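With this note's numbering applied, the sequence shown closes on residue 1060, and no number is skipped along the way. Heads up, the beta-carbon is just placed ideally off N, CA and C, and yes, glycines get one too. Keep in mind that this is a model prediction, so the values were computed, not measured.
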Amino acid sequence: MALEIRFLGPLEVLAGDEPVRLAGQRRIGVLARLALDAGQAVNTERILTDIWGDGSAATAAKQLHIVISKLRQTLGPHATEEIIQTTPGGYRLALEPDHVDAHLFLSLAKRARTGQTQGADALFRQALRLWRGDPLAELAAPWARIEATRLGEEHLTVVEDHADLRLAAGDHHAVAVDLAAHVRAYPLRERPAAQLMLALYRGGRSSEALAVYQATRRIMVSELGIEPGAQLSRLHQAVLVKDPALDLTTPDQQVMLGAPYIPAELPADTHAFTARATEIQHLRDVLGQSGEPARGPSVTVIDGAGGIGKSALTVHVAHGVADRFTDGVIYLNLHGSTPGLDPLTPAQALRHLLRSLGLDGAAVPADPGEAAARYRSLTATGNLLVILDNARDVRQVRPLIPAGPGCKVLITSRDPLVTLDNAGHLHLGTLNAADAAALLSRLAGPDRVRAEPQAAERIVHLCGGFPLALRIVGARLAARPDWTLSGLEARLADATRRLDVLEYADLAVRASIAVSHHHLREEPTGHDAAHLLPLLGLLGLPTHTPPTTAALTGWTHRRAEAALERLLDARLLEPAGPDRYQFHDLVGLSARELALQDLAEEERTTAVRRAHHHYLTTLWLASTLLSRDALVLRRPVELPDITFKDPAEAGRWVQDERDNLLAAAQQALASPDPATAVGLAIGLHWPFCYQGWHTQLADIYAHAIEAADRIAAWEDKAQLRSFLGWVFRDQGRYDAAIAQLQTALTDWDRAGLPRRKVGALNNLGVINTIVGRLDDALAHLEFAQTLNDDAERPGAAAALRNNRVHVYCRQGRFDEAIAEARQLVALWPKADPRAGAGTAHDSLGDAYRHAGRLTEAVDSYTTAVRLLRESEYRLGEAVSRWWLGTTLHDLERHGEARKQWEESVRLLCDARLLTPREATEILAQAVPETPQPIKNML
């Protein structure tokens, strides 16, 4: 005894002929929601959102469980299997779709449209008999009203399709009676008005046919402010002149009479369309506006990520130029990326296009090649706009391009379709902040946005300028007038829930992204890209490069690069510079979800470790090139890494990878691999120090110290404390720096490496020099000198002597300072011919400047600047340029001085040691005050 569910009218559940009584709005709502997807799983979150209105309510999930249990008790006795089945993440109504009247209605209508004329009439009548009233009438929730509207629109279309069939069969007398009521009920629908006019005319009632036109026109003008469309106007003219083409005479004419004279198939324009002014003007220029010639190619491909607004833009522009195309506008959704639907084949698409051009039934060739030839013939002399929306690839659209030079084609696709012949291309990116805010204001209402401007700004940021995400947010806010923007912003701020929040009714960011990933899995050339997407989601990196991707996957560089390019073509990655790619934030969240769902924990952990080891080994390699004192790599890793030909190339790599290195270090610190985390933190020091970025490593060093402590790595802990003290020193936090450095001395002893205390002692000497405790400074430096092995670490020996120069300068011992600095100039280049030699010349310049020997100081500083720039030691260069500028000013060479100060400030801004505002304030002074980062350096 099969169950039947009917909601095309008052809800009925029948077991055989016996009604099954349901009580409670939520039971009715849950059953109706499951019935809409009969036979398919429905996500629990979707049910909670639709029925409860807020799936995050603390008791909603429990209440849903109770409702499901009650429905099973009520319906179970009438079914042979469990009627509501539990599926992973949701529930499924175990009922054939044809046992739900809405599904049966759609199925019968589809069969009627595609079947033979003789059986189509009976199928249409059977479908229409299923309607007993307003669908889902008992339910007022937004999802139910959306579905009711959709079903109602389909009902009207079926009534009108059936009228076309009956008119073609000569049943115009009965059609006129039936359509009269239909037209009165829907006076703004032009199609049934045209059908009624034709039925009346064929019945010899021309004056009544003209009266229908006048009544329709009057209502459209008064209510909409527009004239009837081209089809209705032409029919009016044909009735006036008694055009013989309106008569029902031959079977061939009967086929044509059911089709419109001019296709006008554009979907409705969106009332909330916002921004894209440049793109709109470009497309209008290509298509040509009324009274203006068209410019540009006949075919334009509009590409971009799913949900970026390609279809909305295309339809919006097409509405504005439709009147230029005298043979009409054809719109066809190719379903290249529609969740749950297969893309149309070229043959299926051609059948749609030929029907739009007036062919139907046996007149449409079954052979795809013949159908394409017929399509080209029909469009050869036409003035037609064809919109091919949501295309999958070039193979799908190539046979659909019309032949006539007067035709224009707009194609939307996630694929750029670059191999399509003679096509122009327009790429759509995300909206900028101002345009995104304007769209949110139109969707949510300007009053709500004005009331909470900061929350609105944050929502725009979290949606990443993604129109689909903003549309979903707007729909949620429209459906819930009691929600505040700050409340919604809090939901979006939780990255683990953001994709759940960005899902409403039939709109979902997650589903849009999943379609592209699914297509890659289906394509032979897309398997690597499909596998790579979730792996990239595991890395919290701002950008992705082929070398890092090769390490992540264990592939060759070439294979990794090819997979990245394929993801770029699929609009799942965006370009971020040469050989560099990035996620849109929402795609990145989806990729991470996929990784957690599809990849085993061991595979995830191993892949991330490979990527981190890539950065670890490359960092240490860069360190050894940039500083002769950099520590050798002690941890064995299994991967080959990039090679650098010189320090300049290593420095450029550090600059390019700066944000990725910080992100990798932070991710490693949160991973179960403390050794790699500690290694990355230590490895960052010298490359970042050379760029002046080391002051941004304080938090990383602090957490790495905790990680080293967990594994009793005393040597690493001591080194990290020394580095943290260095950072605090250059931030001007001298007490905190001293505390870290003194603890580092203890840790070096505990590690059994007392000679390694040299670095900490050196920094203690520098701090005491800066704060004026000069005797203590010399004591620290001299103690460090006794511990250092000059043969093993000549650079450290030179650094200690260098800092002694600065103590001498502050003590007024200028001759000793100059003598010591001259020895450094001779000795340090042997240990470090670029950065070390540059630092030695800088210190000699300082000694000359303090001694009042300004011309000699300028020569030394100039040499220092050149050597430090060549070594990529940006912070040292900034210091030397500042003091060079000061010396030039003292020599009254003010123009030259200003140039050096400006360049020094620029370097400090690049290192993010000064903000743009601070830089502007400093340089606005006639004689600029020394910037704090310079004061913190010797």
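Tell me, to the nearest whole angstrom, how far the beta carbon of residue i is from that of residue j; I am working on the premise that it is less than 8 Å.
i       : j      : result
HIS277  : ALA321 : Incorrect: roughly 20 Å between the Cβ atoms, too far for contact.
TRP950  : ALA939 : Not quite, the Cβ-Cβ distance comes to about 15 Å (not below 8 Å), so this is no contact.
LEU607  : ALA578 : 6 Å
TRP836  : ASP869 : 6 Å
ALA682  : THR671 : 4 Å
GLY1149 : ALA948 : Nothing can be reported for residue 1149, as the shown portion of the chain is limited to 123 through 1060.
PRO1063 : TYR453 : A question about residue 1063 goes unanswered here, because the residues of the chain that appear run from 123 up to 1060.
LEU791  : LEU806 : LEU791 to LEU806, Cβ: 12 Å. No contact.
ALA969  : VAL927 : 6 Å
Within a Cβ cutoff of 8 Å, which residues of the same chain sit near residue i, ignoring the five residues on either side of it in sequence?
i       : result
ALA493  : ALA469, LEU472, ARG473, LEU476, VAL486, PRO487
THR977  : LEU1013
TRP775  : THR740, ALA744, ILE764, PHE766
GLN147  : GLU260, LEU261
LYS952  : PRO916
ARG688  : LEU642, THR647, GLY648, ASP650, ALA651
THR392  : ALA434, VAL437, HIS438
CYS1031 : THR1037, PRO1038, ALA1041
Would you mind working out which of the options sits nearest residue i, comparing C-alpha positions?
i      : options                        : result
ASP407 : LEU532, ALA692, LEU217, GLY958 : LEU532
VAL637 : GLY462, TYR983, LEU388, ALA296 : GLY462
LEU562 : HIS547, HIS549, ILE581         : ILE581
LEU690 : TRP808, GLU999, PHE705         : PHE705
ALA556 : GLY586, LEU542, ALA545         : GLY586
Please go through the same chain and pick out, in chain order, the residues whose beta-carbon is closer than 6 Å to the beta-carbon of residue i, but skip the five residues on each side of it.
i      : result
ARG714 : GLY659
GLN375 : Note that GLN375 scores a pLDDT of 40, beneath 50, so its modelled location is shaky; the value from the coordinates is reported in the next line. Contacts found: none.
ARG956 : LEU989, GLU992, SER993
ASN455 : ASP511, ASN512
GLU282 : ARG313, PRO314
LEU539 : VAL423, VAL516
Are there 16 or more other CB atoms within 10 angstroms of the CB of residue i, so buried, or fewer, so exposed?
i       : result
LYS530  : buried
ILE1044 : buried
SER191  : exposed
PRO141  : exposed
THR208  : exposed
VAL443  : buried
THR1052 : exposed
GLY429  : buried
ALA573  : exposed
VAL754  : With a pLDDT of 46 at VAL754, under the threshold of 50, the modelled position of this residue cannot be trusted; read the value that follows with caution. Per the 10 Å Cβ criterion, exposed.
GLN317  : buried
GLU218  : exposed
GLY347  : exposed
THR396  : buried
For residue i, collect the residues of the same chain with a Cβ closer than 7 Å to its Cβ; drop the 5 residues on either side in sequence, then sort them by chain order.
i      : result
MET319 : ALA331, VAL334, TYR335, LEU357, VAL361
GLU126 : LEU136, HIS221
PRO350 : GLU312, THR338, ARG339, MET342
LEU721 : PRO656
PHE447 : ASN505, LEU506, LEU507
ARG731 : ASP795, THR798
PRO769 : LEU747, LEU748, ARG956, SER993, GLU994
What residue does the alpha helix (DSSP H) around residue i start on, and which one ends it?
i      : result
LEU409 : 399-409
VAL142 : Careful: VAL142 lies outside any alpha helix (DSSP H) and carries neither H nor E.
ASP981 : 976-992
SER812 : According to the sequence provided, residue 812 is Tyr. The question's Ser does not apply to it. Looking at the DSSP string, the run of the alpha helix (DSSP H) that includes TYR812 is 796-813.
GLU611 : 607-615
GLU645 : Note, GLU645: premise wrong, no alpha helix (DSSP H); not H, not E.
VAL423 : From DSSP, VAL423 is part of no alpha helix (DSSP H) but of the beta strand (DSSP E) over 421-425.
ASP852 : 836-852
ASP283 : 264-290
VAL189 : 182-197
The beta strand (DSSP E) spanning residue i covers which residue range?
i      : result
HIS547 : 545-549
GLN207 : 206-209
SER535 : 530-535
VAL363 : Unbroken run through VAL363: none, as it is neither H nor E.
LEU81  : Because the chain is modelled from 123 through 1060, residue 81 falls outside the range shown and cannot be assessed.
LEU136 : 134-137
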